[in-house]
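One structure below.
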Amino acid sequence: MILRIVVLSTVLSFGLSVDSGSLLLALAKAQQHVRELSTIVANIRENAIPRDCSDLQRAGQNTSGVYTIFVSGGTTGRPVYCDMNTEGGGWTVIQNRGQFGNNVFYFYRNWTEYARGFGEPGKEYWIGNNALHALTSEGRNQTLRIELRNRTGETFVAHYSAFKVASESNFYKLNVSGYSGPAGSDSFSYADGANFSTFDQDHDSYGDNCAEKFRGGWWYTSCHHSNLNGLNLNGHHPSYADGIDWSQLYEVTGRHHYSYPEVQMKIRKVGFSPGEPLLPDPIVERSETVGVSEL
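If you count by mature numbering (1 follows the signal peptide of the UniProt record, and there is no 0), then the sequence shown holds residues -17 to -1, 1 to 278, one letter each, in order.
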């Protein structure tokens, strides 16, 4: 209705006391004006829907917690945990591991479960590979922050300046680069170019099934330097490399025999500026719902 009024008013403004040729010209100009307005409205609508936690932070949401985002810009939202405090906030948490009373095998899941996501935002959860692809595709360049905390409370942080996950048809192939952190402690760049694997879909470059052997769903090569979706063994363990493993940070018992009690993986748009306002404010919905729905 608004656009029709714009057309009519534009036509009238150009068309009073002029001949039919001038009216046609006025109508053409009005139609162009409508197309421009339609583009503006579409852009406003897209910006009004929070597609990740950085959109929410820029809209003034500064409290960490569970929110609803719309990763594909549609009408179906999904709950995620947003870190609004670390380094300016705006981080979408894509994976969280911790001591929440779950079975040690909680992350030993099949292909479909990893595709859709599982768990409870704010507790242990995986956002889902479909969501990861949507969040990192279509020019939405992302940085990755990984935090590992040991049993004494010491925290190790790894940054990656580029992080992207391909579609399911490409086996959620990983592109990760630009490590910054303690020298000699990068355990994830080795997975660059790897396909995602689970015990029921083996896409690694090893003769055996890495996901089955090391009890996780991950970007295995042959097999891994990190296994952040491995068994939650909570500290030192006698088994080999099947825990929440980051091999370049080995504890006193040796490499591949320590499972980090707490891990968090989070992403944020490249070039993000905290507090930069959006117009209009995105539609904000704090979610009390736990569990992760299909993308």
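Backbone N, C-alpha and C fix where the C-beta goes; we use that ideal spot for every residue, glycine too.
- Query: What runs of the beta strand (DSSP E), each 3 residues or longer, lie entirely inside the segment 130 to 216?
  - Reply: 138 to 148 and 157 to 163
- Cβ pair phenylalanine 179, valine 159 closer than 7 Å: Looking up residue 179 in the sequence shown gives position 196. Looking up residue 159 in the sequence shown gives position 176. Contact: no.
- Output the distance between the C-alpha atoms of threonine 119 and valine 63, rounded to the nearest integer angstrom. Looking up residue 119 in the sequence shown gives position 136. Looking up residue 63 in the sequence shown gives position 80. Those two C-alpha atoms are separated by around 16 Å.
- Please report how far the alpha carbon of tyrosine 50 lies from the alpha carbon of valine 140, in whole angstroms. Within the sequence shown, residue 50 is the residue found at index 67, counting from 1. Within the sequence shown, residue 140 is the residue found at index 157, counting from 1. The straight-line gap from Cα to Cα measures roughly 24 Å.
- Message: Here's the rule: buried if 16 or more other CB atoms are within 10 angstroms of the residue's CB, otherwise exposed. What is histidine 142?
- Response: For the purposes of this step, residue 142 is taken as the residue at position 159 of the sequence shown. Exposed.
- Message: Is it the case that the segment 89 to 106 contacts the segment 178 to 196, given that we only count it when at least three CB pairs across the two stretches are under 8 Å?
- Response: yes
- Query: By Cβ distance below 7 Å, which residues in the same chain neighbour serine 188 in space, the five residues on each side in sequence not counted?
  - Reply: Taking the sequence shown and counting its residues from 1, the one referred to as residue 188 is at position 205. Excluding positions up to five away in sequence, the list reads Thr204 and Ser205.
- Under the rule that 16 or more other beta-carbon atoms within 10 Å means buried, what is valine 253, buried or exposed? The count along the sequence shown starts at 1 and reaches residue 253 at position 270. When all chains shown are included, valine 253 counts as exposed.
- Task: Determine the closest residue to histidine 207 out of Arg41, Ser230 and Met67, with distance taken between C-alpha atoms.
- Result: In the sequence shown, residue 207 corresponds to position 224, counting from 1. Nearest option by C-alpha distance: Ser230.
- Task: Could you work out which residue in Thr46, Ile250, Phe154 and Gly190 is closest to asparagine 79 when comparing CA atoms only?
- Result: For the purposes of this step, residue 79 is identified with residue 96 of the sequence shown, where counting begins at 1. That would be Ile250, whose Cα lies nearest to the Cα of asparagine 79.
- Along the chain, which unbroken stretches of the alpha helix (DSSP H) at least 4 residues long are found entirely within the segment 28 to 112? 36 to 41 and 94 to 99
- Task: List the endpoints of the continuous beta strand (DSSP E) containing valine 253.
- Result: The residue given as residue 253 occupies position 270 in the sequence shown. First-last for valine 253: undefined, no H or E at that position.
- Message: Which residues does DSSP list as the beta-bridge partners of valine 246?
- Response: Within the sequence shown, the letter at position 263 stands for residue 246. According to DSSP, valine 246 bridges with Arg80 and Leu131.
- Message: Contact defined as beta carbons within less than 8 Å: I believe glycine 199 pairs with asparagine 210. What is the distance between those atoms, to the nearest angstrom?
- Response: Translated into positions along the sequence shown, residue 199 becomes position 216. Translated into positions along the sequence shown, residue 210 becomes position 227. Yes, they are in contact, since the Cβ atoms of glycine 199 and asparagine 210 sit about 5 Å apart, within 8 Å.
- Do glutamate 130 and glutamine 247 have their CB atoms nearer than 7 Å? Here the question's residue 130 lines up with position 147 in the sequence shown. Here the question's residue 247 lines up with position 264 in the sequence shown. Yes.
- Query: Short check: CB of aspartate 202 to CB of alanine 224, under 7 Å?
  - Reply: Here residue 202 refers to the residue found at position 219 when the sequence shown is read from its first residue. Here residue 224 refers to the residue found at position 241 when the sequence shown is read from its first residue. The sequence as given places tryptophan at residue 202; aspartate does not occur at that position. It is not a contact, given that the beta carbons lie outside the stated cut-off.
- Message: Distance check for histidine 220 and valine 148, CA to CA, integer angstroms please.
- Response: On the sequence shown, residue 148 is found 165 positions in, with the first residue counted as 1. On the sequence shown, residue 220 is found 237 positions in, with the first residue counted as 1. About 31 Å.
- Message: At the level of alpha carbons, what is the spacing between glycine 84 and isoleucine 110?
- Response: Working through the sequence shown from its first residue, we reach residue 84 at position 101. Working through the sequence shown from its first residue, we reach residue 110 at position 127. Distance between the alpha carbons of glycine 84 and isoleucine 110 is about 19 Å.
- Query: Applying the criterion that 16 or more other CB atoms from any shown protein chain within 10 Å of the CB defines a buried residue, is glutamine 14 buried or exposed?
  - Reply: Sequence index remark: in the sequence shown, residue 14 carries index 31 (1-based). So glutamine 14 counts as exposed.
- Item | Separation of arginine 18 from alanine 194, as counted between CA atoms | Within the sequence shown, numbered from 1, the residue matching residue 194 stands at position 211. Within the sequence shown, numbered from 1, the residue matching residue 18 stands at position 35. About 52 Å.
- Task: Pick helix, strand or coil for glycine 226, following the three-state DSSP scheme.
- Result: The residue given as residue 226 occupies position 243 in the sequence shown. Note: glycine 226 maps to strand in three-state DSSP.
- Message: Here's a check: name, in chain order, each residue in its chain whose Cβ is nearer than 7 Å to the Cβ of proline 257, leaving out the five neighbours to either side.
- Response: Indexing the sequence shown from 1 puts residue 257 at position 274. Closer than 7 Å at the Cβ level, and outside the excluded window around proline 257, lie Gln40, Gly71, Gly72 and Gly73.
- Task: Drop a sphere of 10 angstroms on the beta-carbon of glutamate 107, count the other beta-carbons inside from all chains shown, and report buried for 16 or more, exposed for fewer.
- Result: Along the sequence shown, one-based indexing puts residue 107 at 124. Flag for glutamate 107 reads buried.
- Message: Let me make sure I understand the geometry here. Which of Ser168, Phe154 and Leu115 has the alpha-carbon closest to that of glutamine 184?
- Response: By 1-based counting over the sequence shown, the position of residue 184 is 201. Comparing Cα positions, the closest option is Phe154.
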